[in-house]
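Asker:
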Amino acid sequence: MIAKRTSRLAVLVALPAALALTVGVSSLAVAEGTGAFQINLDQLNDSGSKGTAMLSLQGNRLTVKIESEGLVPGQPSAQHLHGSTDGHDFHCPDASDDTNGDGVLNNTEATVDYGDINISLTTKGPTDMASGLAVDRMPVADAEGKLSYQRTLTVSQAVVDHIKDLHIVQHGIDRNSNKKYDFDGAGKSELDPKLPQEATAPTNCGEVQGAAVGSIPVGGVETGTGPSEEEGVPVAALGAGGAGFVAVTGALAVARRRRGVLAAGRSRGNGAAA
Numbered sequence: 073m074i075a076k077r078t079s080r081l082a083v084l085v086a087l088p089a090a091l092a093l094t095v096g097v098s099s100l101a102v103a104e105g106t107g108a109f110q111i112n113l114d115q116l117n118d119s120g121s122k123g124t125a126m127l128s129l130q131g132n133r134l135t136v137k138i139e140s141e142g143l144v145p146g147q148p149s150a151q152h153l154h155g156s157t158d159g160h161d162f163h164c165p166d167a168s169d170d171t172n173g174d175g176v177l178n179n180t181e182a183t184v185d186y187g188d189i190n191i192s193l194t195t196k197g198p199t200d201m202a203s204g205l206a207v208d209r210m211p212v213a214d215a216e217g218k219l220s221y222q223r224t225l226t227v228s229q230a231v232v233d234h235i236k237d238l239h240i241v242q243h244g245i246d247r248n249s250n251k252k253y254d255f256d257g258a259g260k261s262e263l264d265p266k267l268p269q270e271a272t273a274p275t276n277c278g279e280v281q282g283a284a285v286g287s288i289p290v291g292g293v294e295t296g297t298g299p300s301e302e303e304g305v306p307v308a309a310l311g312a313g314g315a316g317f318v319a320v321t322g323a324l325a326v327a328r329r330r331r332g333v334l335a336a337g338r339s340r341g342n343g344a345a346a
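Just add 72 to the spot in the sequence shown (first one is 1) and you have my numbering.
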């Protein structure tokens, strides 16, 4: 009886501690708006462009890191966070969205799928929709067509709450393979006839991978590594609440094992006495 009471006491002690951990960590994550989200950029317009991006939240501070390649060498690449902060489900387009059949998926055709600009990912200055074509403030690809970008921005609470509904699009293609934007490649841009279509057409797009705000961060931009797994269930899917649940069930399992050992001991003792 003493052993049984001791076992029950161990469970009672473990449960509040584990539950407190669950509530505390969950509340902290939501309150601080922390989280990290990976985006894999895949080509559009047969551009050959690809890359990886990371969105990291600390409260209302959003850090955006992008590493991409296959861009037009020495040319600025307009880039944005597209999508919705009011619950609409947007996604990356594909070649079937070329509704006029001219062989180029332009920005107007693609916007039906990936939504309007939410944040313009400029290198300096404003980041609103009006800066969407501010090519003088957009990052420039190097001589090999590679681009590295990092900027920390203050964003609205709506962006924090709906970060998983946003995605990154980079723009700029080279249809005639002359390593520059010109009107010979695809004509004039439907957004601004003073700009070549090559400068504004999307070159890649990527959607947020992972769970909601407050989940355990996925791997970094450079390594692409992810979190460990617990018996086939990703830690990111468990989240803070899942970690607490593991702690609680672990305590119960220990208690059950103790009861099993004690029962076996009593059985052996009774057998010996007989």
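Where is the CB? At the ideal position from N, CA and C, for every residue including glycine.
For Ser-122, list the residues DSSP reports as bridge partners.
Answerer: The sequence shown places Lys at residue 122, rather than the Ser named in the question. Bridge partners of Lys-122: Glu-141.
Asker: Between Gly-278 and Val-232, what straight-line distance do the alpha-carbon atoms span, to the nearest angstrom?
Answerer: The straight-line gap from Cα to Cα measures roughly 18 angstroms.
Asker: If I follow the unbroken beta strand (DSSP E) through Asp-256, where does it start and stop?
Answerer: Element bounds for Asp-256: not the beta strand (DSSP E) but the alpha helix (DSSP H), 255 to 258.
Asker: What are the boundary residues of the beta strand (DSSP E) that Gln-242 is part of?
Answerer: Run containing Gln-242: 238 to 243, per the beta strand (DSSP E) assignment.
Asker: Alpha carbon to alpha carbon, how far is Leu-134 from Val-144? Give it in angstroms, no decimals.
Answerer: Cα to Cα, Val-144 sits roughly 27 angstroms from Leu-134.
Asker: Which class does Val-231 belong to by DSSP, given the choice of helix, strand or coil?
Answerer: If DSSP states are grouped into helix, strand and coil, Val-231 belongs with the helices.
Asker: Ordered along the chain, which non-local residues of its own chain (more than five positions away) have a Cβ less than 8 angstroms from that of Gly-204?
Answerer: Excluding positions up to five away in sequence, the list reads Ala-150, His-152, Ile-189 and Ser-192.
Asker: To which residues of the same chain is His-234 closer than 8 angstroms at the C-beta, ignoring the five residues directly before and after it?
Answerer: Closer than 8 angstroms at Cβ, skipping near neighbours: Gly-155, Ser-156, Thr-157, Asp-158 and Gly-159.
Asker: For Asn-276, write down the residues that DSSP places opposite it in a beta bridge.
Answerer: Paired residue(s): Gln-115 and Gln-242.
Asker: In this structure, how does DSSP classify Ala-108 when only helix, strand and coil are distinguished?
Answerer: Looking at Ala-108 - three-state DSSP - the assignment turns out to be strand.
Asker: Could you tell me the alpha carbon to alpha carbon distance between Gly-187 and Pro-265, rounded to whole angstroms?
Answerer: Near 22 angstroms, if we compare the C-alpha coordinates of Pro-265 and Gly-187.
Asker: With DSSP as the reference, label Val-176 as helix, strand or coil.
Answerer: In this structure, Val-176 counts as coil in the three-state DSSP scheme.
Asker: Tell me, please, which residues DSSP counts as bridged to Gln-151.
Answerer: Partner(s): Gln-242.
Asker: Out of Ala-108, Gly-107 and Met-126, which one is the CA nearest neighbour of Gln-222?
Answerer: Among Ala-108, Gly-107 and Met-126, the Cα nearest to that of Gln-222 belongs to Met-126.
Asker: Please work out which residues of its chain come closer than 6 angstroms, Cβ to Cβ, to Asp-237, disregarding the five sequence neighbours upstream and downstream, and give them in chain order.
Answerer: Here the set comprises Gly-155 and Ser-156.
Asker: Report all residues from its chain with a CB closer than 7 angstroms to the CB of Leu-177; omit the five preceding and five following residues, and keep chain order.
Answerer: Here the set comprises Leu-116, Asn-117, Pro-165, Ala-167, Asp-169, Asp-170, Ala-273 and Pro-274.
Asker: Please identify the residue among Ser-128, Asp-185, Ser-220 and Ala-213 whose C-alpha is closest to the C-alpha of Gln-281.
Answerer: Nearest option by C-alpha distance: Ser-128.
Asker: Going by DSSP, what residue range makes up the beta strand (DSSP E) through Leu-225?
Answerer: Here the beta strand (DSSP E) through Leu-225 covers 219 to 226.
Asker: Hey, quick one: how far does the beta strand (DSSP E) through Asn-190 stretch, first residue to last?
Answerer: Counting along the chain, the beta strand (DSSP E) containing Asn-190 begins and ends at 189 to 192.
Asker: If you reduce the DSSP assignment to three classes, tell me which class Arg-209 lands in.
Answerer: The answer is helix: DSSP assigns Arg-209 an H, G or I state.
Asker: Can you give the beta carbon distance from Asn-248 to Gly-257, rounded, assuming they're within the 8 angstroms contact cut?
Answerer: Indeed, because the Cβ distance is near 4 angstroms, the residues count as touching under 8 angstroms.
Asker: Would you mind stating whether Gly-175 and Gly-142 have Cβ atoms separated by less than 7 angstroms?
Answerer: No, the pair does not count as a contact, with Cβ atoms beyond the cut-off.
Asker: Should Ala-312 go down as buried or exposed, given a rule of 16 or more other Cβ atoms within 10 Å for buried?
Answerer: Here the model assigns Ala-312 a pLDDT of 33, short of 50, so the residue's position is not dependable, and the following value carries that caveat. That one is buried.
Asker: Note down the Cα distance separating Val-136 from Thr-224, rounded to an integer number of angstroms.
Answerer: Roughly 6 angstroms separates the two Cα atoms.
Asker: Identify which residue in Lys-122, Asn-112, Ala-202 and Glu-139 has its Cα closest to the Cα of Ile-245.
Answerer: Measuring from the Cα of Ile-245, the nearest candidate turns out to be Lys-122.
Asker: Can the beta-carbon of Arg-209 be found less than 7 angstroms from the beta-carbon of Thr-199?
Answerer: No. Outside cutoff.
Asker: For Lys-218, which residues in the same chain have their Cβ closer than 6 angstroms to its Cβ, ignoring the five residues on either side in sequence?
Answerer: The answer, listed in chain order, is Glu-141.
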